[in-house]
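Below: the structure, in structure tokens.
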Amino acid sequence: MPVDLSEVPTDELMKEIQHRLDCTTKPEKRIILIGPPGCGKGTQSPRIKYEHCLCHLATGDMLRAAVAAKTPLGLEAKKAMDAGALVSDDIVVGLIEEATQRAECSKGFILDGFPRTVVQARKLDEMLAKRGQAIDKVLNFVVPDSLLVERVVGRWVHPASGRSYHEKFAPPKVAGVDDTTGEPLIKRKDDNADTLKARLGAFHSQTAPVIEHYARKVVALKADRAQDEVASAIASALS
Ligand code: AMP
Numbered sequence: 007m008p009v010d011l012s013e014v015p016t017d018e019l020m021k022e023i024q025h026r027l028d029c030t031t032k033p034e035k036r037i038i039l040i041g042p043p044g045c046g047k048g049t050q051s052p053r054i055k056y057e058h059c060l061c062h063l064a065t066g067d068m069l070r071a072a073v074a075a076k077t078p079l080g081l082e083a084k085k086a087m088d089a090g091a092l093v094s095d096d097i098v099v100g101l102i103e104e105a106t107q108r109a110e111c112s113k114g115f116i117l118d119g120f121p122r123t124v125v126q127a128r129k130l131d132e133m134l135a136k137r138g139q140a141i142d143k144v145l146n147f148v149v150p151d152s153l154l155v156e157r158v159v160g161r162w163v164h165p166a167s168g169r170s171y172h173e174k175f176a177p178p179k180v181a182g183v184d185d186t187t188g189e190p191l192i193k194r195k196d197d198n199a200d201t202l203k204a205r206l207g208a209f210h211s212q213t214a215p216v217i218e219h220y221a222r223k224v225v226a227l228k229a230d231r232a233q234d235e236v237a238s239a240i241a242s243a244l245s
């Protein structure tokens, strides 16, 4: 059934068409974002995605969607997620293997929250090598742990888009609702100080070695700065 675009303003349609045309000449890019919970990966991803015509694959978002839909995979993942522990490698690698083949990922992808362990990184490299592809860049968002508690505990998210807000640092225009869709925002169950401690522990012990694994492709970004400053650092890293 054709989509009815008659209500979409012409300037928005033209902008979208221009963007799609621009995308046809963009080089392919496969990027990994690494950083602790609350480091700003989710905030920066929409800009990177738009600018480079990539898809954004956040394993945390995919797993939360599976938990909400009560799929067998979601039921299996829930316990580990509620405890701030990692879900099995097989589950997340399977999710990424399927998702990276979608049409929206034809120019490449941004991986957010994956790979979180060296085992996952090796499996990802093997999967890409079979397709004649490889990771191009790894952006490492560096933020001191002491800043993350306030960022994470005050966070509100719009689950459908992954947009995130902060009650103090980046509030929505109307409290409790998403700026773009007007839909309700939620608080993630694991965004509390106790679970954050476990998540930070898992991050430092298991994810730091992933940075070593990709050492030659890593760009370290000071991410405890204003959003626009971080965005320009990312733009130069990816240019
Ligand atoms: P995030 O939204 O990235 O903070 O992820 C939320 C939770 O989902 C984590 O605490 C883990 O339980 C699970 N998770 C997300 N990505 C992965 C991954 N690559 N490997 C294992 N567990 C993951």
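Just so we're aligned, residue 7 is where the sequence shown starts under the numbering used here, counting upward by one.
Beta carbons: idealized from backbone N, C-alpha and C, even for Gly.
Using a C-beta cut-off of 8 Å, the stretch 67 to 77 makes no contact with the stretch 122 to 140, since fewer than three inter-stretch Cβ pairs fall below that distance. Note on the stretch 174 to 221: whole alpha helix (DSSP H) runs with a minimum of 4 residues are 199 to 208, 214 to 219, in chain order. Take the alpha-carbon of Asp10 and the one of Leu191: they are about 28 Å apart. Burial of Thr213 is indicated by the presence of at least 16 other C-beta atoms within 10 angstroms of its C-beta. Fully enclosed beta strand (DSSP E) runs of no fewer than 3 residues occupy 114 to 118, 143 to 148 of the stretch 80 to 152, in order along the chain. Relative to Lys223, the option among Leu39, Pro33, Thr30 whose CA is nearest is Leu39. In the structure shown, Ser167 adopts coil according to DSSP, grouped into three states. Distance from the Cα of Ser112 is smallest, within the candidate group Lys195, Phe175, Ala199, His58, for His58.
Taking 6 Å as the cut-off, one finds at least one heavy atom of the ligand AMP near enough to the beta carbon of Arg205. At the C-beta level, Lys47 and Phe147 come within 7 Å of one another. In the same chain as Arg194, and ignoring 5 residues on each side of it, the C-beta atoms closer than 8 Å to its own belong to Arg70, Arg161, Val163, in chain order. Remark: fewer than three beta-carbon pairs, one from each stretch, lie closer than 8 Å, so the stretch 194 to 210 and the stretch 22 to 29 are not flagged as touching. Under the DSSP assignment, Leu11 falls outside any beta strand (DSSP E); it carries neither an H nor an E label.
Between Val93 and Ala105, the C-beta spacing is not below 7 Å. In the DSSP assignment, Val224 forms a beta bridge with Val144. The Cβ-Cβ distance between Ala127 and Leu134 does not fall below 7 Å. Just so you know, the alpha carbons of Arg169 and Arg137 end up roughly 31 Å apart. Taken atom to atom, the span from the alpha-carbon of Pro78 to that of Lys228 is near 39 Å. A buried status is given to Lys129, since no fewer than 16 other beta-carbon atoms sit within 10 Å of its beta-carbon.
Separation of Leu117 and Glu173 (C-alpha to C-alpha, rounded to the nearest whole angstrom) is 26 Å. Within the DSSP bridge table, the entry for Ile38 names Leu117, Val144 as partners. For Leu63, the enclosing beta strand (DSSP E) stretches over residues 61 to 64. Of the residues Val14, Gly44, Pro52, the one whose Cα lies closest to the Cα of Leu202 is Gly44.
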